[in-house]
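K.L.:
Can you keep this structure in mind? I'll have questions shortly.
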Amino acid sequence: MAPRKAAVLRHDERSLREHLIATAERMIAAQGAAGLTVRAIAREAGVADGVLYNHFADKEELLAAALRAHVDSVERNLPALPEPGTGTVEANLRAHLDHGLALHRAILPAFTGLIGTPAVLARFAGLGDQDGDWRSRLVAYLRAERELGRLPGPATVDAAAALLVGLCHEVVLSTMFPHAAASEVSPDAVVTAILHGIA
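And the structure:
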């Protein structure tokens, strides 16, 4: 005989583990991860506090899984990135940068409360597809364009990627601190500097 389904999931095809991750993800998207408690997640999920420990080793495992789900959800809703060899490199880099900015604007607030909880961040890092994250795809795109001859042979792909990722961090982080000066560097200027050098 199959085990009884939790009352909260009677009309839901998800497992209780999936339900708990989805609940924590929704809460993180709405309010960030800072101060999120097991009790609050359980209450929102409609289950007893101790149920979480039947499906996760600890709170950190649940938060890491919810953060991963949040990032994946944000990325699924962003436009597709351009393929190497299509369009112009300049327009494609701008599309990559727009993607990175949108991604960071959506996910960085969820991470701000976790600076003091390295266990969650370490577990989150272990859940990701290292070749599938935006930075890795950006590097792969730049390498492919270089191989196609659309970027100069000696182009330093990792440095270009670091500039684009750094701009995303600067723009988004400056909006999270009320007294921080916003970046005055336009995304177009960064793309131009990468492609044509610093003027």
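So the mapping is simple: our numbering equals the position in the sequence shown, first residue as 1, plus 273. Virtual Cβ for every residue (Gly too), placed ideally from N, Cα, C. Treat the numbers as computed from the prediction; the structure is a model and nothing was measured.
What are the complete alpha helix (DSSP H) segments, minimum 4 residues, inside the region 288–321?
P.N.:
Those alpha helix (DSSP H) runs which fall completely within the region 288–321 and span 4+ residues are 289–304, 311–318.
K.L.:
Flag this pair as yes or no: are the beta carbons of L473 and L468 separated by less than 9 Å?
P.N.:
For the chain, the structure presents residues 274 to 472; residue 473 sits outside this window and is missing.
K.L.:
If you draw a straight line from the C-alpha of A417 to the C-alpha of A383, how long is it?
P.N.:
Rounded to whole angstroms, A417 to A383 spans 32 Å at the Cα level.
K.L.:
Indicate the three-state DSSP secondary structure (helix, strand or coil) for V458 in the structure shown.
P.N.:
Coil at V458, not helix or strand.
K.L.:
Report yes if the CB atom of A392 is closer than 9 Å to the CB atom of E298, and no otherwise.
P.N.:
Against a cut-off of 9 Å, the Cβ pair of E298 and A392 comes out as no contact.
K.L.:
In terms of residues, what are the limits of the alpha helix (DSSP H) holding L347?
P.N.:
Going by the sequence as given, residue 347 is Val instead of Leu. That run of the alpha helix (DSSP H) goes 332–349.
K.L.:
Over the uninterrupted alpha helix (DSSP H) stretch that includes A368, give me the two end residues.
P.N.:
Counting along the chain, the alpha helix (DSSP H) containing A368 begins and ends at 362–384.
K.L.:
With distance defined between alpha-carbon atoms, name the residue in T385, N350, I388 nearest to G373.
P.N.:
Taking only the C-alpha atoms, the option nearest G373 is N350.
K.L.:
Using the three-state DSSP reduction, which class does L468 fall into: helix, strand or coil?
P.N.:
Three-state result, L468: helix.
K.L.:
With burial defined as no fewer than 16 other Cβ atoms inside 10 Å of the residue's Cβ, what is the status of Y414: buried or exposed?
P.N.:
So Y414 counts as buried.
K.L.:
Do the CB positions of V464 and L370 come within less than 9 Å of each other?
P.N.:
It is a contact, given that the beta carbons lie within the stated cut-off.
K.L.:
Here's the rule I'm using: 16 or more other beta-carbon atoms within 10 Å means buried, otherwise exposed. How should T296 be labelled?
P.N.:
It counts as buried.
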